[in-house]
Structures are given as structure tokens and as C-alpha cells.
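The structure under discussion appears below in the form of C-alpha cells.
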Amino acid sequence: MNIRRAPLTSVVVLGLLPPLAACSSASTAVEACMAKQAVSVTSGEVEGTYVGEDDAEGVKITLKASDTGTGGTVTVHNWPTGSWYKGELGDTFDGSGTWDVVGGNSSDEYGRVRLSFTEPERFLRDDTLDSLSVATDSERTYLYEDDDPDVCPAFRLRLT
């Protein structure tokens, strides 16, 4: 009698694989530590002062809405410079500029806050963090750097 058996390594490997349902999505990872990623957001919903948590500890950002309702003015304290997301946080600065809400027009595009700094000087793309995702629920609102969709964002600021 000739019985075929699956190689033991195949059985062990298959037993170690997580079920497909365990895979996380950006929304799930964000929800686990903050709130649900906002599909659409208005200036009035994100206006306010945010303080940093985790890698953003000591960072503060204040968004003031304009009368037009499409953005407004921003002031920051201890805001990071450089391509810090490729390594560690860079030097910081205190500054100001403008902001507006972008995205959130389709089911696969989430709302973001785009920053444009004018003080102390105008920054070029990748000179500083200038786009933040929004997560919100009935109790909390966060702005965060959405750099790895499978983990809780380390650079996040919570509305106070």
C-alpha cells in the first residue's frame, strides 16, 4: 500500500499562517489606537488646538478656520523639519501659515489637512511634514502622519 503524505514542513508552515480575516487595513490599524479614519471632513470639524502624543510629544498645532470655511491659519510649536519619516525626527521650529482640507471625495480617499508654512520661511516639499490624515469619532479627533497603514501612527496629535 502506497500512502502519500504531505511534507511535514508544508503542514507546519500552513499552520503558522494567520487566517485572512486577521489582515489589517489602514482604517482598522488607526481605529485600534485612535479613532476611525475620516472619509470626509470640514474645516469646522478639525479647527482647534492639538497636542502631540508618542513621537509627536511636545508638538502643538492650532488650526483657526477662516470665514470662507475652506481652511484658515495655522500656528505650530516644535514642528519637525527634514525627511524625518525616513529615520528620526529632525530639528523643530515654531511657525505659522495657512491650512486647508483636501480629499475625502471618494470611498477610497480619506480627508487630510494640508499645511503651507510662510513663517519662519516657506518650506519646499519634504522639508517638513505638511499633510496630515484625520481620524475622528464621537469623542476624539486626531491629526496624524499616515506612514504605515498596518500600525498605529507614531506621529499623532489629539484635539484638546
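Numbering (our numbering), first residue to last: 20 to 179. Ideal placement from N, C-alpha and C gives every residue a C-beta, glycine not left out. Note that the structure is a prediction, hence the values are computed from the model and not measured.
Practice problem: Note down, in chain order, each residue of its chain lying with its Cβ closer than 7 Å to the Cβ of R177, except the 5 sequence neighbours on either side. | Solution: Within the same chain, R177 has close Cβ partners Y69, V70, E72, R159 and Y161.
Practice problem: From the DSSP output, read off the bridge partner residues of L148. | Solution: For L148, which the question treats as bridged, DSSP gives no partner whatsoever.
Exercise. Report the residue ranges of all alpha helix (DSSP H) runs contained in full by the segment 59 to 131; include only those spanning at least 4 residues, in chain order.
Key: 62 to 65
Practice problem: Could you have a look at T155 and say whether DSSP puts it in helix, strand or coil? | Solution: strand
Quiz item: Are the CB atoms of A12 and Y163 nearer to each other than 8 Å?
Solution: The structure shown does not extend to residue 12, since the chain is modelled only from 20 through 179, so no value can be given for it.
Quiz item: What's the gap between the Cα of T147 and the Cα of S157?
Solution: 30 Å
Self-check item: DSSP state of A41 mapped onto helix, strand, coil
Solution: Residue placement at A41 is poorly supported in this model, since its pLDDT is 36, which falls under 50; the coordinates are not used for a value here.
Quiz prompt | Close-in-space but distant-in-sequence residues of the same chain around V49 (CB under 6 Å, 5 per side omitted) | solution = Q56 and A154
Quiz prompt | Contact set for A173: own chain, Cβ-Cβ below 6 Å, skip 5 residues either direction | solution = D73 and D74
Quiz item: What number of angstroms, rounded off, separates the C-alpha of E140 from the C-alpha of V65?
Solution: 25 Å
Self-check item: Pair within 8 Å by beta-carbon distance, G116 and F136
Solution: yes
Practice problem: Classify A51 as buried or exposed, calling it buried when 16 or more other Cβ atoms lie within 10 Å of its own Cβ. | Solution: exposed
Self-check item: Inter-residue CB distance, T81 and T94 (contact presumed, cutoff 8 Å)
Solution: 5 Å
Quiz prompt | DSSP three-state assignment for E50, whether helix, strand or coil | solution = E50 falls in the helix class under three-state DSSP.
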